[in-house]
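See below for the structure under consideration.
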Amino acid sequence: MKVIIIGGVAGGMSAATRLRRLNEEAEIIIFEKGPFVSFANCGLPYYVSGEISERSQLLVQTPESLQARFNLDVRPHHEVLSIDSHAKMVTVKHEDQTFTETYDHLILSPGAKPFVPPIEGIAEAKNAFSLRNVPDLDNIMTVLDGEQPKEAVVIGAGFIGLEMAENLQMRGIKVTIVEKAPHVLPPLDEEMAAFVKKELEANNVRVITSQSAVAFKDEGRTIVLEDGSELTSGLTILSVGVTPENRLAQSAKIELGLRGGILVDENYETSQKDIYAVGDAIVVKNQITGEDALISLASPANRQGRQVADVISGLKRKNKGSIGTAIVRTFNMTAASTGLSERAVRLAGLPYQVVHTSGKDHASYYPGATDITLKLIFNPETGTIYGAQGVGQKGVDKRIDILATAIKGNLTV
Ligand code: FAD
Numbered sequence: 022m023k024v025i026i027i028g029g030v031a032g033g034m035s036a037a038t039r040l041r042r043l044n045e046e047a048e049i050i051i052f053e054k055g056p057f058v059s060f061a062n063c064g065l066p067y068y069v070s071g072e073i074s075e076r077s078q079l080l081v082q083t084p085e086s087l088q089a090r091f092n093l094d095v096r097p098h099h100e101v102l103s104i105d106s107h108a109k110m111v112t113v114k115h116e117d118q119t120f121t122e123t124y125d126h127l128i129l130s131p132g133a134k135p136f137v138p139p140i141e142g143i144a145e146a147k148n149a150f151s152l153r154n155v156p157d158l159d160n161i162m163t164v165l166d167g168e169q170p171k172e173a174v175v176i177g178a179g180f181i182g183l184e185m186a187e188n189l190q191m192r193g194i195k196v197t198i199v200e201k202a203p204h205v206l207p208p209l210d211e212e213m214a215a216f217v218k219k220e221l222e223a224n225n226v227r228v229i230t231s232q233s234a235v236a237f238k239d240e241g242r243t244i245v246l247e248d249g250s251e252l253t254s255g256l257t258i259l260s261v262g263v264t265p266e267n268r269l270a271q272s273a274k275i276e277l278g279l280r281g282g283i284l285v286d287e288n289y290e291t292s293q294k295d296i297y298a299v300g301d302a303i304v305v306k307n308q309i310t311g312e313d314a315l316i317s318l319a320s321p322a323n324r325q326g327r328q329v330a331d332v333i334s335g336l337k338r339k340n341k342g343s344i345g346t347a348i349v350r351t352f353n354m355t356a357a358s359t360g361l362s363e364r365a366v367r368l369a370g371l372p373y374q375v376v377h378t379s380g381k382d383h384a385s386y387y388p389g390a391t392d393i394t395l396k397l398i399f400n401p402e403t404g405t406i407y408g409a410q411g412v413g414q415k416g417v418d419k420r421i422d423i424l425a426t427a428i429k430g431n432l433t434v
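As numbered in my numbering, residues 22 to 434 make up the sequence shown, in order.
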């Protein structure tokens, strides 16, 4: 059996190592267009402040270590240009050469690329960056390690935006976050996200909501907002979301769905036989509503990678959908959510009730207890749990983990 995997990070490398664990004989080739495989995307923001101090800590595995431990043929700097699904062959570019390689099974894990908003003057902005990979991080570090800017602007207050704001502030830079939605952390409901906003402001991060950037002037040094106000920026981080990397799939006539995501069946097979896809690029089912969803998170990508390896190896595995459990630290505050927010439930027209509880993370008489606020959203008739959110200094992960397990296991309130 010969398996080719496109994309050598979360989903792709999980598929490769699981395949090897299941099959000693398979020929497994991983093509990665970037310089690194299996790097810690989720750790990138923490290198900015030095909390992760060594660049090498971000490079979890190398082609050599993967070859030595798993006998994988890992090829960075190899971009797959096209797929011929009839001949079961891919065309690959390496440096200035192209060559072809045949496959029995092909797994796509090309991820999602940062969405670059069509803001006037963005092409001329020399100091505006997205953060997806190590080369992006290197570009940002070049600016920071030169004459460090006094002010930075983060556009988009999702997970990556908040992490970048914190890490830039920890370098002593005055940070402003601009968010188009009415509150930071749009996956959370407003009253829960308010705790995070307060924590940001307590740490001297300025938060501007219900505003978007409409123009960059002076090669990006001035950012104009919708209301006409202007911000000065020495470094701008664009973190307004991601979009599925679907170019290859599209050119191979693989069916696409929601916002260009790759459509797969329960076994991760695309509309083309023997071509599978996992990770940020695919459309999944929201397990609670059954609706199509795009969920760009590492743990579903990793799990899907392992499951597709199972499927190819003849084990029965089905993608039962995702519930999008996520967590982020902002200074001394943790915010986490699982399942649907109240807003999403309301928009879906589902019957619901919510309960908020505020307490301590452990018995209040015992020293060191800190505040924790939880929100549960559920169906009052059936007791079905739609979702949960938590904010606090400690213990939020534990509560949300348990509630995520409850949702996955169809436990009721
Ligand atoms: P990726 O891991 O992005 O890998 C796709 C790879 O495919 C890329 O390296 C790309 O170069 C390669 N590729 C694409 N096209 C081709 C081609 N034609 N030929 C060859 N190679 C190709 N998730 C969390 O759950 N928690 C977090 O804390 C978290 N933090 C994050 C922080 C940052 C800064 C970023 C960028 C992401 C973060 N994520 C986090 C998201 C998480 O990293 C992704 O959900 C996950 O990596 C998706 O895995 P994937 O395999 O689908 O894509």
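Note that CB positions come from ideal geometry on N, CA and C, so glycine has one too.
Within its chain, find whatever has a CB closer than 6 Å to the CB of residue i; leave out the 5 residues flanking it on each side and keep chain order.
{"i": "H377", "result": "K396"}
{"i": "Q293", "result": "S106 and I275"}
{"i": "K126", "result": "The sequence shown places His at residue 126, not Lys. Excluding residues within five positions, the ones whose Cβ falls inside 6 Å are V24, D295 and I333."}
{"i": "R227", "result": "T197"}
{"i": "K306", "result": "G342"}
{"i": "Y124", "result": "K23, I25 and K109"}
{"i": "P84", "result": "V95"}
{"i": "N160", "result": "F150"}
Considering residue i, what are the terminal residues of the beta strand (DSSP E) in which it resides?
{"i": "A227", "result": "Per the sequence shown, the amino acid found at residue 227 is Arg instead of Ala. Per DSSP, R227 belongs to the beta strand (DSSP E) from R227 to I229."}
{"i": "V101", "result": "H99 to D105"}
{"i": "P84", "result": "Element bounds for P84: not the beta strand (DSSP E) but the alpha helix (DSSP H), P84 to F91."}
{"i": "F52", "result": "E48 to F52"}
{"i": "R350", "result": "A347 to T351"}
{"i": "F136", "result": "No beta strand (DSSP E) contains F136, which DSSP labels as neither H nor E."}
{"i": "S250", "result": "First-last for S250: undefined, no H or E at that position."}
Can you list, in chain order, the residues of its chain whose CB lies under 7 Å from that of residue i, leaving out five sequence neighbours each side?
{"i": "R364", "result": "D210"}
{"i": "L315", "result": "P265, L279, R280, G282 and V304"}
{"i": "V7", "result": "Because the chain is modelled from 22 through 434, residue 7 falls outside the range shown and cannot be assessed."}
{"i": "F344", "result": "Before going on, a small fix: residue 344 reads as Ile here, not Phe. Taken in chain order, the residues that qualify are Q308, I309, T359, G360, A425, I428 and K429."}
{"i": "L80", "result": "F57 and F60"}
Any heavy atom of ligand 1 inside 7 Å of the beta-carbon of residue i?
{"i": "L152", "result": "yes"}
{"i": "D301", "result": "yes"}
{"i": "S317", "result": "yes"}
{"i": "K54", "result": "yes"}
{"i": "G29", "result": "yes"}
{"i": "A356", "result": "no"}
{"i": "V261", "result": "no"}
{"i": "V24", "result": "no"}
{"i": "N267", "result": "no"}
{"i": "S130", "result": "yes"}
{"i": "H99", "result": "yes"}
{"i": "F165", "result": "It should be pointed out that residue 165 corresponds to Leu in this sequence rather than to Phe. The answer is no for L165."}
{"i": "P66", "result": "yes"}
{"i": "G19", "result": "The first residue shown for the chain is 22 and the last is 434, placing residue 19 beyond what the model contains."}
{"i": "F120", "result": "no"}
{"i": "I181", "result": "yes"}
{"i": "G32", "result": "yes"}
{"i": "S320", "result": "yes"}
So the alpha helix (DSSP H) residue i belongs to, where does it begin and stop?
{"i": "T163", "result": "V155 to D166"}
{"i": "T112", "result": "Here T112 belongs to no alpha helix (DSSP H); instead the beta strand (DSSP E) covers M110 to H115."}
{"i": "E222", "result": "E211 to A223"}
{"i": "D422", "result": "V417 to K429"}
{"i": "V332", "result": "A319 to I333"}
{"i": "L432", "result": "L432 -> no alpha helix (DSSP H), and no H or E assigned at all."}
CB-CB under 8 Å to residue i, same chain, minus the five flanking residues each way: which ones, in chain order?
{"i": "N62", "result": "V30, A31, R153, N154 and A319"}
{"i": "A390", "result": "K381, D382, H383 and A384"}
{"i": "A146", "result": "F237, E240, G241 and T257"}
{"i": "T403", "result": "T433"}
Hey, is residue i close to ligand 2, as in C-beta under 7 Å from one of its heavy atoms?
{"i": "N62", "result": "As for ligand 2, it is missing from this structure, which binds only ligand 1."}
- prompt: Does the pairing of the segment 152-166 with the segment 255-266 give three or more beta-carbon distances under 8 Å?
  reply: yes
Evaluate contact between the segment 335-350 and the segment 177-184, counting only Cβ atoms and requiring at least three cross-stretch pairs below 8 Å.
-> yes
### Task
Inspect the CB distances between the segment 243-250 and the segment 65-84 and report whether three or more fall short of 8 Å.
no
Validate contact between the segment 214-225 and the segment 93-101 using beta carbons, cut 8 Å, 3 pairs: no
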